[in-house]
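Protein chains in written order, with our numbering: chain A, 1 to 242; chain B, 243 to 563.
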Amino acid sequence: MTPVKNEIVLSLKDVSVFYGIIQGLHNVSFDVHKGDIVTLVGANGAGKSTTLRAISGLVKPKTGQINFKGQNIVGVPAHEIVSRGLCQAPEGRGIFLNLSVAENMDLGAWAAPDKEAYQANMDQGFQLFPRLKERRNQLAGTLSGGEQQMLAIARALMSQPEVLLLDEPSLGLAPQIIEKIFEIIMDINKSGVTILLVEQNALQALQIAHHGIVFETGVIKTQGIAADLLRSDEIRKAYLGD
Amino acid sequence: MAEFFQYVINGLSQGGTYALVALGYTMVFGILQLINFAHGEVYMLGAFTGLYTLRFFGARIVEFYSFVLHVGADQTSTAAAVMTAITVILISMVTCALVGYFVERLAYRPLRTSPRINLLITAVGVSLFFQYSGQLIFGSSPQPYPDLFENLESWTFGADENLLVINPLQVFVFATAITLMLILRHVIFHTRLGRAMRAVSFNHELASLMGIPTNRIITATFMIGSSLAGAAGVMVGMTYPKVEPLMGSLPGLKAFCAAVLGGIGNVTGAVLGSFILGLAEAFLSGYGAPTYKDALAFAILILILLVKPSGLLGVHRTEKV
Ligand SMILES: Nc1ncnc2c1ncn2[C@@H]1O[C@H](COP(=O)(O)OP(=O)(O)OP(=O)(O)O)[C@@H](O)[C@H]1O
Ligand SMILES: [Mg+2]
Chain A
1 MTPVKNEIVL SLKDVSVFYG IIQGLHNVSF DVHKGDIVTL VGANGAGKST
51 TLRAISGLVK PKTGQINFKG QNIVGVPAHE IVSRGLCQAP EGRGIFLNLS
101 VAENMDLGAW AAPDKEAYQA NMDQGFQLFP RLKERRNQLA GTLSGGEQQM
151 LAIARALMSQ PEVLLLDEPS LGLAPQIIEK IFEIIMDINK SGVTILLVEQ
201 NALQALQIAH HGIVFETGVI KTQGIAADLL RSDEIRKAYL GD
Chain B
243 MAEFFQYVIN GLSQGGTYAL VALGYTMVFG ILQLINFAHG EVYMLGAFTG
293 LYTLRFFGAR IVEFYSFVLH VGADQTSTAA AVMTAITVIL ISMVTCALVG
343 YFVERLAYRP LRTSPRINLL ITAVGVSLFF QYSGQLIFGS SPQPYPDLFE
393 NLESWTFGAD ENLLVINPLQ VFVFATAITL MLILRHVIFH TRLGRAMRAV
443 SFNHELASLM GIPTNRIITA TFMIGSSLAG AAGVMVGMTY PKVEPLMGSL
493 PGLKAFCAAV LGGIGNVTGA VLGSFILGLA EAFLSGYGAP TYKDALAFAI
543 LILILLVKPS GLLGVHRTEK V
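Next up, the structure:
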């Protein structure tokens, strides 16, 4: 028996993306239910980032539909998608190294729907990551890798997203810090934010996710309840290093 | 000694106008990696906007301020002249901001995803377009600029060899340039628009992921840079005091050299480079070699490209992985 699911907040239908003549995604379809953590896993070059880029409006799919809260957002400019409630913390952290920590956070709030909540969100970010508070006036370029990742997440939260896309938040971080980041992702999810999490670290990602999607060279190999995927022999062999 | 100070004053005044032009180059480069060759022509259009404003409305604006500020005949004329100059500069800034808006929208934005060389060629095209349509509309012969400050006495200090002459116009130009730079500094470093400009110049895609409308920020950058060039155009017109449609090309190139000297993309660098160039030119012409004055900027450009291509304050971005 599958538990009763909330409504679908984000859904991709037959999305194909081309980079010139190279096809990055082949007819990708999946649904994200409100309140879930959905993880996209798969090897390098499998198309995980491309999927997130297509959702955020950074690349335009050649075919297919991307529905967010019931509206097709294909062709909507990237900055407008953020103001509709979908925000991405991109691969490689992607923070403004030439701006201070506080300035990065401030820009994260550019498209926030509720301007009143600005200070509360800033405080919440600093509460999640006290180190950022100490370094608020420091240039983001001077932060350590882990701190930069924290900033990327805190900044994304400033936009008060309904859906948060995280592209490999654990990349290049020490195990204890990864642990901490995953805990915080769960906390954010518990506060009501739907999360689409891209991870190389499939085992850990599937452990915190409700739903898992396995990518292989631009196609969805398999998808299902995260716990089921964790138990599947085939998946364990191919992706979890068993 | 007085001679030395005289050159310093000349150099600072000249450097101030270079800086206003150089800032536009450096801001647009910072955000689009484009050398906007049409920028010198925006400065020329600024000078002409000032010229026609003064020619057709100058007397009335002076009259207006004399009436509003009536405080004894002497001060009235000084204050009215200064206020008129400021008004004309503001009108020119607004006009040039609009020019910048249209140049960006019509010429550069359609090429946003094209190879950079297309953009560069377009910039040269826009520059030629303004030079030749300027000749068509304004005529190609130099036109005199009305002298607002003609009744103002220069301040003199010392006598004979030690005579130091400070021209009120030079003081006005320097003060206006510094004021505009301080305002710009405030906008860039202490407002949300400025923060967004720095974010977009760091990475367009990333900025758009924050919900920042990058195209609008780029347009705003063009408008701000163009308005500063417009202010410079009026002040140079008042100083030299002739303007013609090709007047933008040499100062434009010099200001570009100054921006490269300071480190292109860096606003503080553009100001520093401009003052260095202004002072160097003043000393070179003062101490014996005025014929080489116009070559100096290019000599500096070649030198800096050989020695430190990133410029004096050039940034090396270190990306952490
Ligand atoms: N800008 C681009 N131009 C051309 N090809 C691209 C571009 N971006 C991605 N690709 C290609 O599309 C495919 C999918 O790449 P994508 O970045 O989505 O993979 P990924 O699953 O995120 O991999 P990784 O785990 O290494 O980040 C790859 O074959 C990649 O080479
Ligand atoms: Mg990736």
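All C-beta atoms, glycine included, are put in the ideal place defined by N, C-alpha and C.
Residue pairing by DSSP leaves Ile542/B without any beta bridge partner.
When the beta-carbon positions are compared, Gly64/A and Asp14/A come within less than 8 angstroms of each other.
Inclusion of Ile22/A in the 7 angstroms shell around ligand 1 follows from its C-beta lying nearer than that to a non-hydrogen atom of the ligand. If you check each beta-carbon in the region 145 to 161 of chain A against every beta-carbon of chain B, the ones closer than 8 angstroms belong to Gly145, Gln148, Arg155 and Ser159. Between Ala438/B and Leu107/A, the C-beta spacing is below 8 angstroms. Taking Val429/B as reference, the option from Ala537/B, Ile466/B and Thr295/B with the minimal CA-CA separation is Ile466/B. DSSP, reduced to helix, strand and coil, places Gly475/B within a helical segment of the structure shown. Using a C-beta cut-off of 8 angstroms, the region 230 to 237 of chain A makes no contact with the region 387 to 399 of chain B, since fewer than three inter-stretch Cβ pairs fall below that distance.
Of the other Cβ atoms in all chains shown, 16 or more fall within 10 Å of the Cβ of Asn104/A; this residue is therefore buried. Any Cβ of chain A closer than 8 angstroms to the Cβ of Phe444/B would place that residue at the interface, and such an atom is present.
Scanning its chain for C-beta atoms nearer than 6 angstroms, with the 5 sequence neighbours on each side dropped, one finds around Ala89/A the residues Ala152, Ile153, Ala156 and Leu166, in chain order. Pro77, Ala78, His79, Glu80, Ile81, Val82, Ser83, Cys87, Gln88 and Ala89: these are the residues of the region 65 to 89 of chain A whose beta carbon lies less than 9 angstroms from some beta carbon of chain B, given in chain order. For Gln248/B, the CB stays at least 7 angstroms from every heavy atom of ligand 1. Under the three-state reduction of DSSP output, Ser16/A falls in the strand class. For His33/A, the three-state secondary structure derived from DSSP is strand. Pairing Ala209/A with Ile8/A gives a Cβ-Cβ distance that is not under 8 angstroms.
If you look at Val214/A, you'll find it in the beta strand (DSSP E) that goes His211 to Glu216. The beta carbon of Val485/B sits closer than 7 angstroms to the beta carbons of Ala289, Phe290, Leu293, Pro384, Gln385, Tyr387 and Gly479 from its chain, once the five residues preceding and following it are set aside; these are given in chain order. Linking Gly453/B to Glu447/B through their CA atoms gives a straight-line distance of about 10 angstroms.
At a cut-off of 8 angstroms between C-beta atoms, Leu99/A counts as an interface residue with respect to chain B. For Ala339/B, there are no neighbours in chain A by C-beta distance under 9 angstroms, as the nearest C-beta there is about 23 angstroms away.
Proximity annotation: ligand 2 has residues Lys48/A, Ser49/A, Glu91/A, Asp167/A, Glu168/A and Val198/A in chain order, each selected because its CB is closer than 7 angstroms to a heavy atom of the ligand.
Contacts between Gly94/A and chain B, judged by CB atoms closer than 9 angstroms, involve Asn445, Glu447, Leu448 and Leu451 in chain order. Fewer than three Cβ pairs drawn from the region 397 to 416 of chain B and the region 525 to 537 of chain B lie within less than 8 angstroms of each other, which leaves the two stretches out of contact. The continuous stretches of beta strand (DSSP E) do not include Thr433/B, and DSSP gives it neither H nor E.
Nearest neighbour of Gln138/A by Cα position, chosen from Asp123/A, Asn98/A and Val163/A, turns out to be Asn98/A. Relative to the Cα of Thr194/A, the nearest Cα in the group Ala202/A, Ile185/A and Asn201/A belongs to Ile185/A. Taking Thr259/B as the centre and dropping the five residues before and after it, the same chain places the C-beta of Val415, Ala419, Ala474, Met477 and Val478 closer than 7 angstroms to its C-beta, in chain order.
A Cβ-Cβ distance of about 5 angstroms is found for the pair Tyr285/B and Val263/B, placing them in contact under the 8 angstroms criterion. Ile277/B and Ala501/B have their C-alpha atoms some 11 angstroms from each other. The residue among Ile177/A, Gly92/A, Arg136/A and Leu128/A with its C-alpha nearest the C-alpha of Gly146/A is Ile177/A.
Assignment of Ser100/A by DSSP, reduced to helix, strand and coil, places it in the strand class.
Among the residues facing chain B, Ala117/A is not included, as its CB has no counterpart in that chain under 8 angstroms away. A distance below 8 angstroms between beta-carbons, with the five flanking residues on each side excluded, links Ala539/B to the following residues of its chain, in chain order: Leu495, Lys496, Cys499, Ala500, Leu519 and Glu523. Straight-line measurement puts the Cα of Ile55/A at about 11 angstroms from the Cα of Leu451/B.
The beta carbon of Leu361/B sits closer than 8 angstroms to the beta carbons of Leu274, Leu276, Tyr350 and Leu353 from its chain, once the five residues preceding and following it are set aside; these are given in chain order.
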